[in-house]
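In the working numbering, the protein residues as written are 8 to 228. One structure is given below, encoded as structure tokens.
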């Protein structure tokens, strides 16, 4: 389902409620330039709220620049005595779904992972991005080209983040999937010999096998 920028912003401002906790856009404003929208995302419990992350939406500037979304400064917060986090929660799944519905071919999602210990550990070890916890979630939502911004260039791009991009056409998709297939195949072969050393490696191994199975079937068509 493709959504417009107006639909996306309204949906984010309306928010998502899970177990009486509301996750929503509590402040929306213009960004650094005309095509950019900045949104503060809040958690609300019993009418008490606090910011948990920030996001920027670039609506595109045709024919020169495609759309992108960045999710950053992701925090764990304590609200009304309750510890709240974003990573690996229904709030994360909901926001990734919203971003994926808005972004189309050739468009990018950037998401910070410094507070996601599992993803950080897996990428630090050099595992395939799609085998990391967060990279796998992006892959499931149609992103097929990835970059790990583990060391921001010029120290101006913020914390480490994953960049995911959707394929611009079917040829690009097949090329991206072939690259992913080869990478996870090598990773699986290595672990078949050496065996996973801990839970982070075991989880990455299982994800890689899932990706391998899906891509083997798709690329054979």
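Don't be surprised by glycine CBs; every beta carbon is placed ideally from N, CA and C. Just so it is clear, the structure is predicted and the values come from calculations on it, not from any experiment.
Q. Residue 92 by DSSP, collapsed to three states: which one?
A. By one-based count along the chain shown, residue 92 stands at place 85. In this structure, residue 92 counts as coil in the three-state DSSP scheme.
Q.
Check for me: the beta strand (DSSP E) holding residue 2 runs from which residue to which?
A. Given that the chain is displayed from residue 8 to residue 228, the structure contains no residue 2 and the question cannot be resolved.
Q: Please report how far the alpha carbon of residue 62 lies from the alpha carbon of residue 172, in whole angstroms.
A: As a working note, residue 62 is residue 55 in the chain shown. As a working note, residue 172 is residue 165 in the chain shown. Using only the alpha carbons, I get a separation of about 17 Å.
Q: Measure the alpha-carbon distance for residue 146 versus residue 139 and round it to whole angstroms.
A: Taking the first residue of the chain shown as 1, we reach residue 146 at position 139. Taking the first residue of the chain shown as 1, we reach residue 139 at position 132. If I take the Cα positions, the gap works out to 10 Å.
Q: Would you tell me roughly how many angstroms separate the C-alpha atoms of residue 208 and residue 129, rounded to the nearest one?
A: Position 201 of the chain shown, counting from 1, holds the residue named residue 208. Position 122 of the chain shown, counting from 1, holds the residue named residue 129. Using only the alpha carbons, I get a separation of about 7 Å.
Q: Would you kindly work out how many angstroms separate the C-alpha atoms of residue 206 and residue 212, rounded to a whole number?
A: Here residue 206 corresponds to residue number 199 of the chain shown, with the count starting at 1. Here residue 212 corresponds to residue number 205 of the chain shown, with the count starting at 1. Going by the C-alpha atoms only, they are around 10 Å apart.
Q) What first and last residue would you give for the beta strand (DSSP E) that runs through residue 74? A) Reading the chain shown from its first residue, position 67 is the one you call residue 74. First-last for residue 74: undefined, no H or E at that position.
Q. Can you tell which of 85, 110 and 51 has the C-alpha that lies nearest to the C-alpha of residue 14?
A. Your numbering for residue 14 matches position 7 in the chain shown. Of the candidates 85, 110 and 51, the one whose C-alpha sits nearest the C-alpha of residue 14 is 110.
Q) Does DSSP classify residue 10 as helix, strand or coil? A) In the chain shown, counting from the first residue as 1, residue 10 sits at position 3. Residue state, collapsed to three classes: coil.
Q. Should residue 121 and residue 166 be called a contact, given that it needs their Cβ atoms to be closer than 9 Å?
A. Position 114 of the chain shown, counted from the first residue, corresponds to residue 121. Position 159 of the chain shown, counted from the first residue, corresponds to residue 166. Cβ atoms of residue 121 and residue 166: closer than 9 Å.
Q: Please name the residue or residues paired with residue 49 in a DSSP beta bridge.
A: As a working note, residue 49 is residue 42 in the chain shown. Paired residues: 31 and 58.
Q: Compare the beta carbon distance of residue 170 and residue 153 with 9 Å and say whether it is the shorter of the two.
A: Here residue 170 refers to the residue found at position 163 of the chain shown. Here residue 153 refers to the residue found at position 146 of the chain shown. Closer than 9 Å, so yes.
Q.
What does the alpha-carbon distance come out to for the pair residue 37 and residue 47?
A. Mapped onto the chain shown, residue 37 falls at position 30. Mapped onto the chain shown, residue 47 falls at position 40. So the two alpha carbons sit approximately 12 Å from each other.
Q. Among all the DSSP beta bridges, which residues are the ones paired with residue 117?
A. Here residue 117 corresponds to residue number 110 of the chain shown, with the count starting at 1. Looking at the DSSP assignment, residue 117 forms a beta bridge with 77 and 170.
Q: Could you check what DSSP says for residue 184 in three-state terms: helix, strand or coil?
A: Position 177 of the chain shown holds residue 184. Residue 184: helix per DSSP, three-state reduction.
Q.
Using a Cβ distance threshold of 8 Å, determine whether the region 186-205 contacts the region 101-120, with at least three qualifying pairs required.
A. no
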